[in-house]
Ligand code: HEM
Ligand code: FES
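Protein chains in written order, with full-length UniProt numbering: chain B, 1 to 407; chain F, 1 to 335.
Now the structure itself:
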């Protein structure tokens, strides 16, 4: 048993959701210093904030996956991020075949390069652009949309869906009684889901009778006895996981990497001149502003002591990977983007049995998109007349990125 | 017990119980990696020498065929011997040779500038734009000089040499006692400053910018490019201080006569002369070419000129992977 003196964390009572969404770093810096595992009242949950504690909780045999309350309200059950045991194994076996490196290598270039080219062609001679909405997000959603079999859904609609699902998923504020503090914050997510069902249900109807090579068609059929398909209610929560995180995050990742590079013009120039550096630049971008900043959680399966705190069985702990990646115990000057910092592993893709299933695919989408961007516009500059704002606690990235170049 | 892991020419110590990835990252050597638990495949690499133990590498991430083909996951694999890891696609290169050449001609062609022709006992395989390293007699010093030849001019090497006052290789030798008939020790060919193989050369427009004797490799590259695609657009800028530094004007006039798409543009930086462009060659390019999309660019000369050239090319939106630069420190700078 531990008998450590409890730090005074009453300052946490004043932390609000909108403050975390604007800038979570101040709060989490203090958490890392004072209580790497702490109960945060506005979230109604324990939070792990350092690299060590995030990794420990994410990989511990005494914890398993659980979805956050707002996440569960948004996605329903069984979402891949919130289930364990056989159901988790089945959902992983359903999503993984399309995301295996050997498989991805087969088609990734042919899939992503033309998409990136197509969006670039629309603005490459304009001399100015807003890259988040004109490039990063469209490439991100189009690549995954085509992989899933959603060719008929246009990119703007996919972008609208992930934005609505995002705000619903991260509508995390809780009252003292453990109720949602802002229940109407789920409405736009519900509307998005209704629209998704209206569009995807007919596609599923068709895939059931006419399987094709799209990922969702495979999800329905793979590993099932002949003549049977997975029930759509069983796969929808995981479709929503994709339509939020998997759609949104490669876009966030590219945009954050670009903002980071713009903060180091000499490093931007090195990367533009030598595209071999792009994967490293992206890796540092993921560390610097982790797209999935604090969206997943684990729950203890028995009483455990973590970072000196005793918690009973059944205690959820949110994993703040975006904070872990700013841990000064691991990274020097973590809030600085630095392509050349000592290349230590980061936690932007999570850890343990619930680690991101799309790492390889996502890294290549971002790489190819950035290769094409720098190839088409090697003289890219940030438009300094416009600022760059980051937003998000659950998911984080720049809301816009204005650039100019000589044409 | 530790082993040596060699990656791209760098050696890193790796314990028998340490992953290759961990050893490299700790030594400050970056490698792609994401999950560090063997599930994402980001760290997959080719083992070209020695052996590794794959430990817990999952077969989903690293298939049996990949293992048989020598692939490994850096985050999982432990060395069981010294290990060499492959870099990005080792391209076939011309074998490096030690040569003994004979001086056939030494000619003063411009202010402080000589052309040296070296005869070889047997042909040398190289690509236009590559360089050789000469051993300065008596001093053991080595100096790098680009070849102005095309690949079929493989028995007489043409070098352009600029005098550096007091330099061991120039004043002390090439501008000193060097005489026809002398033997010269050399090594070559070296360097990656050359055209892509003919099969990958689509005949696209090219701009070449040479500063001083940095012109030499461009003479070989431009002539090779025109031989492959006689009507392609080739702009060759030669940046020098004054008209007295220019050379081979007849050669370029002749080339322009044979190829309508070829243009030679001398640019004088310090001593303006009537009928000649003045300023820096990279600025002249920016003035002349409104868009270099789809072009390739070739830079050889003093580092500041090369840097300015990269910027100028990108400003005109040339794709960076089509920008080629001679990276060795020009012999002029060393003497
Ligand atoms: C840069 C882009 C991305 C980032 C930063 C990212 C990051 C993450 C993170 C942090 C998690 C939670 C891990 C944990 O709880 O330990 C996760 C889960 C997941 N990601 Fe990604 N992701 C990205 C893109 C993608 C893409 C494109 C896909 C699919 C094509 C994908 C599929 C998944 C799945 C299926 C899970 C749930 C895994 C499970 O709970 O078993 N991700 N991702
Ligand atoms: S880093 Fe993911 S498999 Fe090695």
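A virtual CB, placed ideally from N, CA and C, is assigned to each residue, including glycine.
heavy atom of the ligand FES below 7 Å from residue i C-beta
| i | result |
| --- | --- |
| residue 211 of chain F | no |
| residue 203 of chain F | no |
| residue 152 of chain B | no |
| residue 352 of chain B | no |
| residue 34 of chain F | yes |
| residue 29 of chain F | no |
| residue 75 of chain F | yes |
| residue 39 of chain F | yes |
| residue 59 of chain B | no |
| residue 170 of chain F | no |
| residue 61 of chain F | yes |
Chain F within 8 Å of residue i, Cβ atoms only
| i | result |
| --- | --- |
| residue 355 of chain B | yes |
| residue 373 of chain B | no |
| residue 406 of chain B | yes |
| residue 121 of chain B | no |
| residue 249 of chain B | no |
| residue 349 of chain B | yes |
| residue 360 of chain B | yes |
| residue 325 of chain B | no |
| residue 280 of chain B | yes |
Proximity of residue i and residue j at Cβ, strictly below 8 Å
| i | j | result |
| --- | --- | --- |
| residue 412 of chain B | residue 317 of chain B | An answer regarding residue 412 of chain B cannot be provided, because it is not within the stretch 1 to 407 covered by chain B. |
| residue 315 of chain B | residue 28 of chain B | no |
| residue 43 of chain F | residue 29 of chain F | no |
| residue 110 of chain F | residue 244 of chain F | yes |
| residue 364 of chain B | residue 139 of chain B | no |
| residue 300 of chain F | residue 127 of chain F | no |
| residue 311 of chain F | residue 272 of chain B | no |
| residue 58 of chain B | residue 351 of chain B | yes |
| residue 145 of chain B | residue 153 of chain B | yes |
| residue 163 of chain F | residue 171 of chain F | yes |
| residue 337 of chain F | residue 209 of chain F | As shown, chain F starts at 1 and ends at 335. That puts residue 337 of chain F outside it, with no answer to give. |
| residue 79 of chain B | residue 240 of chain B | yes |
| residue 112 of chain B | residue 357 of chain B | no |
| residue 104 of chain F | residue 119 of chain F | yes |
Check: residue i C-beta below 7 Å from any heavy atom of the ligand HEM
| i | result |
| --- | --- |
| residue 366 of chain B | yes |
| residue 360 of chain B | no |
| residue 346 of chain B | no |
| residue 42 of chain F | no |
| residue 17 of chain B | no |
| residue 356 of chain B | yes |
| residue 69 of chain F | no |
| residue 250 of chain B | yes |
| residue 349 of chain B | yes |
| residue 55 of chain B | no |
| residue 92 of chain B | yes |
| residue 291 of chain B | yes |
| residue 80 of chain B | yes |
| residue 71 of chain B | no |
Cutoff 8 Å: residue i Cβ touching any chain B Cβ
| i | result |
| --- | --- |
| residue 86 of chain F | no |
| residue 295 of chain F | no |
| residue 34 of chain F | yes |
| residue 90 of chain F | For residue 90 of chain F, the pLDDT reaches just 42, beneath the cut-off of 50, and the residue's location in the model is therefore unreliable, although a value from the coordinates is still provided. Not closer than 8 Å to any Cβ of chain B, the Cβ of residue 90 of chain F fails to qualify, so no. |
| residue 102 of chain F | no |
| residue 41 of chain F | yes |
| residue 37 of chain F | yes |
| residue 45 of chain F | no |
| residue 8 of chain F | no |
| residue 312 of chain F | no |
| residue 319 of chain F | yes |
| residue 20 of chain F | no |
| residue 173 of chain F | no |
Any chain C beta carbon closer than 8 Å to residue i
| i | result |
| --- | --- |
| residue 273 of chain B | Within the model displayed, chain C is absent; protein chains B and F are what it includes. |
* Would you mind listing the beta strand (DSSP E) stretches within the stretch 246-315 of chain F that are 3+ residues and don't spill past its ends, in chain order? => 262-271, 296-300
* Contained beta strand (DSSP E) runs [length at least 3] in the UniProt domain "2Fe-2S ferredoxin-type" (1-91) of chain F, N- to C-terminal order -> 2-7, 10-15, 44-49, 71-73, 83-85
* Asked: Along the chain, which unbroken stretches of the alpha helix (DSSP H) at least 4 residues long are found entirely within the stretch 104-157 of chain B?
  -> 137-148
* To do: Enumerate, from N- to C-terminal direction, the unbroken beta strand (DSSP E) stretches of 3 or more residues contained entirely within the stretch 157-203 of chain B.
  => none
* **alpha helix (DSSP H) runs contained entirely in the stretch 314-338 of chain B, provided each spans 4 or more residues** => 321-324
* To do: Please list the segments of the beta strand (DSSP E) lying wholly inside the stretch 166-217 of chain F, counting only runs of 3 or more residues, in order along the chain.
  => 183-190, 206-211
* Can you check the stretch 189-272 of chain B for any alpha helix (DSSP H) of at least 4 residues that lies completely inside it and give the ranges in chain order? => 215-221, 232-241, 247-262
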